[in-house]
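Novice: There's a structure below that I have some questions on.
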Amino acid sequence: MRYCKFPTSDGPQYGEVQTQHGEEVIVRRIPPPEEDRACVFVEEEMQPTTLGEARLLAPVNPSKIVCVGRNYREHAKELGNEVPVDILIFLKPPSSLLAPEGKILMPKLSQRVDYEGELAVVIGKKCRNATEREALSFVRGYTCANDVTARDLQKSDGQWTRGKGFDTFCPIGPVVTDEISPEALDLETRVNGELRQKGNTRDFIFSLPAVIRYISSVMTLLPGDVILTGTPAGVGPLKEEDRVQVSISGIGTLTNFVVAEGRWTSSEVEEALARK
Ligand code: MG
1255 MRYCKFPTSD GPQYGEVQTQ HGEEVIVRRI PPPEEDRACV FVEEEMQPTT LGEARLLAPV
1315 NPSKIVCVGR NYREHAKELG NEVPVDILIF LKPPSSLLAP EGKILMPKLS QRVDYEGELA
1375 VVIGKKCRNA TEREALSFVR GYTCANDVTA RDLQKSDGQW TRGKGFDTFC PIGPVVTDEI
1435 SPEALDLETR VNGELRQKGN TRDFIFSLPA VIRYISSVMT LLPGDVILTG TPAGVGPLKE
1495 EDRVQVSISG IGTLTNFVVA EGRWTSSEVE EALARK
């Protein structure tokens, strides 16, 4: 199934997405995935609504967002790093989530904010000490994400919490799907329509089963948790008014816009942050 999350007068809801006449539409409301108690479920038929009309929300409600650093050889090299011999993980806070079409706020504290297009994995079942053989059975589905990074702060801090953790630094969506397998997905990132990253998940240094085994040997993964699987080569800076798009085959395109924090009034910032 392909599903998305959208606001209604009753509160956020999840909906099944199907393609009708070449357009993706929400055809029915579905119960919230486990661990998403913020969502309501009103069981009634709905008029088919296109994803554009629905003003989508981030289709996840994670207790944590676990990210893999340097999982593509060429990306490790482009930043002058060694290709890692073991899996490297870090966390982004759930407060960094951003909806499709939402505004990435460039913080005043940073002079260099980069995009990182990535395949995101949504966990469907509680998972601890998974073996590689069973790892993919814990996955609910896949979606697109942008591991937005304040590169200067990541470098100067040494550890990555601040550089990776600002509000709006984890755009995700538009839909979650379990109708694809993760082994060979094309991933492209565009800025203002210009191709900047082109990768394929077959070039992962560490396979997804290996990543799930590794993370779940450290921390229990809960339903709704998100894993960002690393970015291919071609990362680069964003600037104000850029449009950044992450596209993955079989999923779709995640589009976001960039604004400088200082250019917005505090109420505009509050409004943007309220839509996750
Ligand atoms: Mg990344």
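Residue 1323 in the numbering used here is what sits at position 69 of the sequence shown, and the numbering runs on without skipping anything.
Where a beta carbon is used, it is the ideal one built from N, C-alpha and C, also for glycine.
#1: Smallest Cα separation from residue 1503: which of 1448, 1440, 1522?
#2: Is any heavy atom in ligand 1 found nearer than 7 Å to the beta carbon of residue 1440?
#3: Considering only residues of the same chain and omitting the five flanking positions on each side of residue 1385, which have a CB-CB separation below 7 Å?
#4: Checking 8 Å against the spacing of the C-beta atoms, do residue 1459 and residue 1337 come in under that value?
#5: Between the beta-carbon of residue 1305 and the beta-carbon of residue 1281, is there less than 8 Å?
#6: With a threshold of 16 other CB atoms inside 10 Å of the CB of residue 1331, please say whether the residue is buried or exposed.
#7: I'd like to know whether the C-beta atoms of residue 1309 and residue 1266 end up nearer to each other than 8 Å.
#8: As a quick exercise: from 1415, 1428, 1506, 1361, pick the residue whose alpha carbon is nearest that of residue 1492.
#9: Between residue 1507 and residue 1470, what straight-line distance do the alpha-carbon atoms span, to the nearest angstrom?
#10: By the 10 Å Cβ neighbour count, where 16 or more other Cβ atoms means buried, how is residue 1408 classified, buried or exposed?
#11: Helix, strand or coil for residue 1365 per DSSP?
#12: Can you give me the Cβ contacts of residue 1432 inside the same chain, cut-off strictly under 6 Å, excluding the 5 residues immediately before and after it?
#13: Would you report the Cα separation of residue 1374 and residue 1517, rounded to the nearest angstrom?
#14: Which runs of the alpha helix (DSSP H) spanning at least 4 residues fall entirely within the stretch 1440-1501, listed in chain order?
Specialist: Short version:
#1: If you number the sequence shown from 1, residue 1503 lands on position 249. When each option's Cα is compared against that of residue 1503, the closest is 1440.
#2: Residue mapping note: residue 1440 aligns to position 186 of the sequence shown, counting from 1. Answer for residue 1440: no, Cβ out of range of ligand 1.
#3: Residue 1385 sits at position 131 when you count from the first residue of the sequence shown. Closer than 7 Å at the Cβ level, and outside the excluded window around residue 1385, lie 1467.
#4: Here residue 1459 refers to the residue found at position 205 of the sequence shown. Here residue 1337 refers to the residue found at position 83 of the sequence shown. Yes, the Cβ-Cβ distance between residue 1459 and residue 1337 is below 8 Å.
#5: The residue labelled residue 1305 in the question sits at position 51 within the sequence shown. The residue labelled residue 1281 in the question sits at position 27 within the sequence shown. No, they are not a contact pair.
#6: Taking the sequence shown and counting its residues from 1, the one referred to as residue 1331 is at position 77. Residue 1331 should be labelled exposed.
#7: On the sequence shown, position 55 is the one that residue 1309 refers to. On the sequence shown, position 12 is the one that residue 1266 refers to. Contact: no.
#8: Here residue 1492 is taken as the residue at index 238 of the sequence shown, counted from 1. For the set 1415, 1428, 1506, 1361, the Cα lying nearest the Cα of residue 1492 is the one of 1361.
#9: Residue numbering aside, residue 1507 sits at position 253 when the sequence shown is read from its first letter. Residue numbering aside, residue 1470 sits at position 216 when the sequence shown is read from its first letter. Cα to Cα, the separation comes out at about 29 Å.
#10: Residue numbering aside, residue 1408 sits at position 154 when the sequence shown is read from its first letter. Buried, since its Cβ has 16 or more Cβ neighbours within 10 Å.
#11: Along the sequence shown, read from residue 1 onward, the residue named residue 1365 stands at position 111. In this structure, residue 1365 counts as coil in the three-state DSSP scheme.
#12: Against the sequence shown, residue 1432 aligns to sequence position 178. The residues are 1395.
#13: The residue you call residue 1374 lines up with position 120 of the sequence shown. The residue you call residue 1517 lines up with position 263 of the sequence shown. Distance between the alpha carbons of residue 1374 and residue 1517 is about 30 Å.
#14: If you keep only unbroken alpha helix (DSSP H) runs of at least 4 residues inside the stretch 1440-1501, you get 1462-1470.
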